[in-house]
Amino acid sequence: MRIDVVTIFPGYLAPLREALLGRAVGTGLLDIAVHDLRDWTHDVHQAVDDAPYGGGPGMVMRPHVWGEALDDVLAADPRPARLVVPTPAGRPFTQAAAHAYAAQERLVFACGRYEGIDQRVVDHYAASMPVDEISIGDYVLVGGEVAVLVVVEAVARLLPGVLGNPRSAAEDSFSDGLLEGPAYTRPEVWRGHAVPEVLRSGNHGAIARWRRDRALERTAERRPDLIAALPPDALDEADRAL
Ligand SMILES: NC(=S)c1ccno1
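Be aware that the sequence shown starts at 1, since it is given in our numbering, and climbs by one per residue.
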């Protein structure tokens with residue numbers, strides 16, 4: 001997979017070269033290119049924003065700079081790309097979306113700043129390629145860069161070969177529509193808190209049942225919306241008896 005990120009703060013994306021993502025790049029599983037939007041400005045001030053039509057606070061990022069940048073970035077690789085624009089006004093980015101993105105050959109991220117990118121940029125490219133305006137949560141950041149780090153990590157870990165144990169991704173929170181339950185490791189007792197006995201029993205059936213029950217309880221308590229969204233056949237008789 002190739003990932004391009006266009007931003008006015010390339011340094012914000014440095015973590016993409018670290019740890020798991022850095023190894024994925026090093027082994028060729030991931031190809032990441034970060035581009036400075038200001039490289040496509042032509043004025044001495046390298047202006048990328050201007051006052052909003054209709055008035056209001058803040059500045060809006062100028063369409064012609066973005067158009068020149070995205071034209072060049074998209075033309076740099078023949079693989080079909082999906083343009084992804086993080087914005088508080090976007091559709092929620094979910095684990096399902098992460099899996100969908102992991103199947104893409106190429107993702108191009110446009111990082112907005114200020115009050116965002118002139119809407120005509122999204123509208124223009126949406127006429128010729130898939131474009132997603134996505135949000136990582138109901139809060140407002142200073143720009144899209146941090147959201148890109150979140151999305152790229154959520155996607156990259158799903159790529160074959162990136163995680164040491166592929167079962168980790170298969171048993172993620174949300175993989176079965178539920179939150180993951182609690183996890184424990186040694187020592188058996190820590191500051192008077194003992195590991196649940198069933199986890200030390202070696203009874204794999206009982207352990208699986210206990211883990212499922214704890215996941216159902218946690219999800220019902222913290223995210224009842226996920227329970228409500230489960231398909232009718234998702235809960236078996238034992239689940240319903242909980
Ligand atoms: N919530 C998201 S994705 C965002 C982007 C910029 N500010 O907030």
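A virtual CB, placed ideally from N, CA and C, is assigned to each residue, including glycine.
Same chain, Cβ closer than 6 Å to residue i, five either side skipped, listed in chain order
i    : result
G90  : E133, I134, S135
D31  : R2
P130 : R82
Euclidean distance between Cα positions of residue i and residue j
i    : j    : result
D94  : V140 : Inspection of the sequence shows that residue 94 is occupied by Thr rather than by Asp. Using only the alpha carbons, I get a separation of about 17 Å.
F9   : E145 : 8 Å
T27  : V150 : 21 Å
Q119 : R82  : 17 Å
A228 : Y184 : 28 Å
T7   : G164 : 31 Å
Distance cut-off 8 Å: residue i Cβ against heavy atoms of ligand 1
i    : result
A51  : no
G137 : yes
A147 : yes
L83  : no
I134 : yes
L141 : yes
W144 : The question names Trp, but residue 144 is Gly in the sequence shown. It does: the Cβ of G144 is within 8 Å (strictly closer) of some heavy atom of ligand 1.
T87  : yes
G58  : no
F109 : no
F93  : yes
G90  : yes
G177 : no
Neighbourhood of residue i by C-beta distance below 7 Å, restricted to the same chain and skipping five residues each side
i    : result
L158 : A98, H99, A102, A169
L74  : A81, V108
Nearest to residue i (by Cα), restricted to the options the options
i    : options         : result
G56  : E115, E18, V84  : E115
G58  : V65, W66, V48   : V48
D213 : D138, V60, L179 : L179
R62  : V122, A96, P187 : V122
A110 : P86, P231, Y125 : P86
R17  : L242, V152, R79 : V152
Neighbourhood of residue i by C-beta distance below 8 Å, restricted to the same chain and skipping five residues each side
i    : result
R211 : G181
L70  : V6, L83, V108, A110, V121, Y125
Short Cβ contact (9 Å threshold) for residue i with residue j
i    : j    : result
G143 : G112 : yes
L13  : A156 : no
V244 : V34  : In the structure as shown, the chain begins at 1 and stops at 242. Residue 244 is therefore absent and cannot be evaluated.
L199 : I207 : yes
D172 : A234 : no
A24  : V162 : yes
Heavy atom of ligand 2 within 8 Å of residue i beta-carbon
i   : result
T41 : By its list of ligands, the structure shown excludes ligand 2, since it contains just ligand 1.
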